[in-house]
Amino acid sequence: MPDVPTTERATATLVPAAPNPHPDDTPFVKEAGELKESHSDRLATIAPPLLDIDAYVEEFGRSVVPAYRRGVADRELPADAGLARSIIPPATSAVRDFSKLALTIPEFIAEKCVGCMACVSACPDTAILGVVVPEPELDGRIGTFSANLNGTAELATTTARSHFADTQKYGEVPARKGNDRGSFGIFVDPVHCKGCAECVEVCSALGHDALIMIDKVAEEPTGESTLERYDRDMRFFRSLPPTPDVYRNEKALADLMLGEHAHGYVGGAGSCAGCGEASAIRMVLAATRQIHGPESMGIVAATGCNSVFGATYPFNPYRVPWTNSLFENSPAVALGIRARWDAAGHPERKLWVFGGDGAMYDIGFQSLSRMVASGADIKVLVLDTQVYSNTGGQASTATFGGQVTKLSAYGKALHGRPERRKELARIIAAHGEVYVAQTSPAHLNHFYRSVMDANEYPGPAVIVAYTPCMPEHGIPDDAATRQAKLAVESRAFPLFTYDPRRGESMAERLSLQGNPALKEDWSKAPDGSPIDFLAFARTEGRFAQHFGKDGSETPEILATQDDRLANWHTLQEMAGIR
């Protein structure tokens with residue numbers, strides 16, 4: 007979308023109706039016995055258009071987005087006729103610039119990379135991207151790109167080449183099968199990166215250390231700024247073709263992010279740095295679009311963080327149809343859309359509902375339950391932050407006992423939330439014929455497999471995903487993956503899947519695979535100490551007031567420890583291993 011200054015919106019996008027297009031009104035009349043859907047489809051072919059959508063999208067990119075980027079939209083633009091119809095063109099946030107937000111940015115160290123793709127999946131902002139180029143083609147593509155850069159060709163060649171690693175996964179393995187070795191590249195988009203360092207943390211935790219944070223400086227030793235270098239290297243990345251299929255391993259599910267349709271969430275959204283919700287959303291879109299096609303899904307988003315950072319006009323991060331409903335009724339809206347899609351001959355399309363604690367655990371729970379009971383082919387992603395993140399951090403029924411929130415403060419009478427956490431995934435499984443997963447984006451294979459199985463299940467599916475919220479959990483921006491893994495290891499949030507296709511009994515249907523020490527009460531650290539709920543709670547600010555300076559615990563946090571162990575015992579019994 008070129009940044010072209012403009013002082014007015016084109017009016018040609020509005021197509022006025024002809025004075026009297028049909029003297030005989032018969033074509034508009036619904037015939038006796040005619041299906042409503044058929045009548046609606048017929049009207050679409052004969053009624054004069056009120057909005058030329060193709061022209062509107064073109065004009066939106068030419069005038070609206072640039073005006074907002076320059077901060078002059080309120081002075082230069084009239085009311086938007088498209089927005090009045092609840093229309094925002096797709097992927098407009100791709101040009102939203104966050105490059106001045108953070109002082110640091112990830113730097114790639116190619117010789118340390120193994121091509122695991124964990125960093126690409128973990129990034130909540132689609133700011134770190136992977137690609138594989140057949141080795142015999144790489145130098146030619148770099149040369150072609152650099153040749154068009156007057157005065158910086160040699161520098162461009164050097165920096166572009168520095169992004170590619172020689173890995174066993176993409177080099178030796180394809181070569182053994184008779185294919186060209188592949189060069190694996192990692193690129194960081196400075197426009198979308200918010201400097202959370204989640205990718206660096208994930209890479210370090212795996213023992214690779216192929217990413218480090220560096221300062222953005224106005225002049226590097228080569229004479230150019232850090233942002234100029236990153237921007238040029240991203241232009242080279244965008245000149246490359248998609249990763250060939252021969253380099254994508256179906257068993258390594260993180261490779262989904264190498265697919266040509268994977269990035270249905272383009273970044274540029276207004277989520278917090280390191281947001282756990284955004285990573286989960288990106289991964290759901292990747293697993294759905296890459297496997298089922300770029301036009302295979304639509305989203306109903308309940309009001310909450312996801313709808314706010316995902317629809318800050320005029321910036322839309324989605325490449326798929328998306329609509330926002332009320333806090334409490336997104337599953338009900340989805341039922342209507344599902345019925346309309348099926349009537350129109352689109353039963354294969356995947357319809358997803360996104361919502362947080364309030365939308366699914368609390369005020370919207372009855373709508374979710376009704377949707378599941380209907381048997382409709384609708385999939386739900388519950389973005390479980392254990393708090394009402396969007397409205398300032400109030401307690402929900404997903405909140406842990408003792409957790410300190412805006413509505414469960416730590417005072418003289420009460421020490422945090424006095425109630426136990428509701429186990430939504432267990433409740434949904436009790437509906438019977440529904441696929442259920444309790445999972446975390448930090449557990450890549452478990453999360454991707456849960457999404458894939460949900461999409462394949464012929465009926466309702468609900469995925470409850472642990473999505474860390476930095477300000478409300480009291481954790482650093484780079485901590486989403488680390489804390490989610492600790493939540494699982496400590497039994498705060500066990501992984502499980504429930505699939506009716508596995509058999510008739512609960513033990514057959516429910517699997518705890520993915521959790522450590524399945525038959526034990528607690529898992530153990532390498533030094534042999536137990537990783538219990540207290541070990542998890544000590545690492546987060548939301549529980550800090552429950553621990554004295556000497557490390558002593560309050561009765562309330564000890565009660566939550568007992569509650570988490572009781573929940574784990576229940577799951578063990580359901581899975582037939584206790």
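Plus 6 on top of the position in the sequence shown (first one is 1) and you've got our numbering. All residues carry an ideal CB built from backbone N, CA and C; glycine is no exception.
> When the Cα atoms are used, what is the spatial distance from Glu141 to Tyr253?
Replying inline: 12 Å
> From Phe242 to Phe151, what distance separates their C-alpha atoms?
Replying inline: 7 Å
> Thinking C-beta only, is Asp390 closer than 8 Å to Val470?
Replying inline: yes
>> Which runs of the beta strand (DSSP E) at least 3 residues long sit entirely within the segment 324-357? Give them in chain order.
In response: 328-331
>> Can you tell me whether Tyr416 is helix, strand or coil according to DSSP?
In response: strand
>> Within 10 Å of its beta-carbon, does Ser336 have 16 or more other beta-carbons around it, so buried, or fewer, so exposed?
In response: buried
>> Just verifying my parser: in three-state terms, what is the DSSP assignment at Val120?
In response: coil
>> Just to confirm my understanding: we take Ala317, look at its own chain, exclude 5 residues before and 5 after, and list those with CB closer than 8 Å. What are they?
In response: Ile94, Ala307, Trp328, Asn330
> Taking just the CA atoms, how far does Cys199 sit from His421?
Replying inline: 38 Å
>> Here's the rule I'm using: 16 or more other beta-carbon atoms within 10 Å means buried, otherwise exposed. How should Leu49 be labelled?
In response: exposed
>> Looking at the secondary structure, which residues open and close the alpha helix (DSSP H) in which Pro180 lies?
In response: 179-182
> Could you give the residue range of the alpha helix (DSSP H) that holds Met366?
Replying inline: 363-366
> So the beta strand (DSSP E) Leu387 belongs to, where does it begin and stop?
Replying inline: 385-390
> Which first and last residues belong to the alpha helix (DSSP H) in which Met289 is found?
Replying inline: 282-298
> Using a Cβ-Cβ cut-off of 6 Å (strictly less than) and excluding sequence neighbours within five positions of Pro29, which residues of its own chain qualify?
Replying inline: For Pro29, the predicted structure reports a pLDDT of 43, less than 50, and the residue's modelled location is therefore unreliable. The matter cannot be settled from this model.
> Is it a yes or a no for the segment 70-84 touching the segment 104-120, going by three-plus beta-carbon pairs under 8 Å?
Replying inline: no
> In terms of residue numbering, what span does the alpha helix (DSSP H) encompassing Tyr74 cover?
Replying inline: 71-76
> Bridge partners of Val138, per DSSP?
Replying inline: Phe190
> With burial defined as no fewer than 16 other Cβ atoms inside 10 Å of the residue's Cβ, what is the status of Gln567: buried or exposed?
Replying inline: buried
>> So, at 8 Å on beta carbons, what are the nonlocal neighbours of Ser456 in its own chain, with the 5 sequence-adjacent residues on each side left out?
In response: Ala443, Thr445, Ile469, Thr503
>> Tell me whether the segment 215-227 and the segment 116-136 touch, counting them as touching only if at least three CB pairs, one residue from each stretch, are closer than 8 Å.
In response: yes
> Roughly how many angstroms lie between the CA atoms of Leu341 and Asn255, to the nearest whole one?
Replying inline: 36 Å
> Run through DSSP, which three-state label would Ser529 get?
Replying inline: strand
> Hey, which unbroken runs of the beta strand (DSSP E) at 3 residues or more fall wholly within the segment 457-498?
Replying inline: 467-472
> By Cβ distance below 6 Å, which residues in the same chain neighbour Val339 in space, the five residues on each side in sequence not counted?
Replying inline: Val306, Ser331
> Taking C-alpha atoms, which residue in Ile52, Leu144, Ala349, Ala448 lies nearest to Leu212?
Replying inline: Ala448
>> The alpha helix (DSSP H) that contains Asp221, what's its start and end?
In response: Run containing Asp221: none in the alpha helix (DSSP H); it sits in the beta strand (DSSP E), 217-221.
> Taking the runs of the alpha helix (DSSP H) that are 4 residues or longer, which of them lie wholly in the segment 532-584?
Replying inline: 539-543, 561-580
> Does the pairing of the segment 226-236 with the segment 178-190 give three or more beta-carbon distances under 8 Å?
Replying inline: no
> Would you report the Cα separation of Ser313 and Gly270, rounded to the nearest angstrom?
Replying inline: 16 Å
> Is it buried or exposed for Ile481, if we count other Cβ within 10 angstroms and need 16 for buried?
Replying inline: buried
> Based on the DSSP output, what are the partners of Gln405 in its beta bridges?
Replying inline: In the sequence as displayed, the identity of residue 405 is Thr instead of Gln. According to DSSP, which records beta bridges pairwise, Thr405 is partnered with nothing at all.
>> Beta-carbon within less than 8 Å of Glu225's beta-carbon, same chain only, minus the 5 sequence neighbours each way: which residues are those?
In response: Ser231
> Taking contact to mean at least 3 C-beta pairs separated by less than 8 Å, is the segment 195-210 in contact with the segment 490-502?
Replying inline: no
>> Suppose you measure from the CA of Ala498 to the CA of Asp251; what does that come to, to the nearest Å?
In response: 39 Å
> Just reading off the alpha helix (DSSP H) that Tyr236 is part of, what are its end residues?
Replying inline: 232-244
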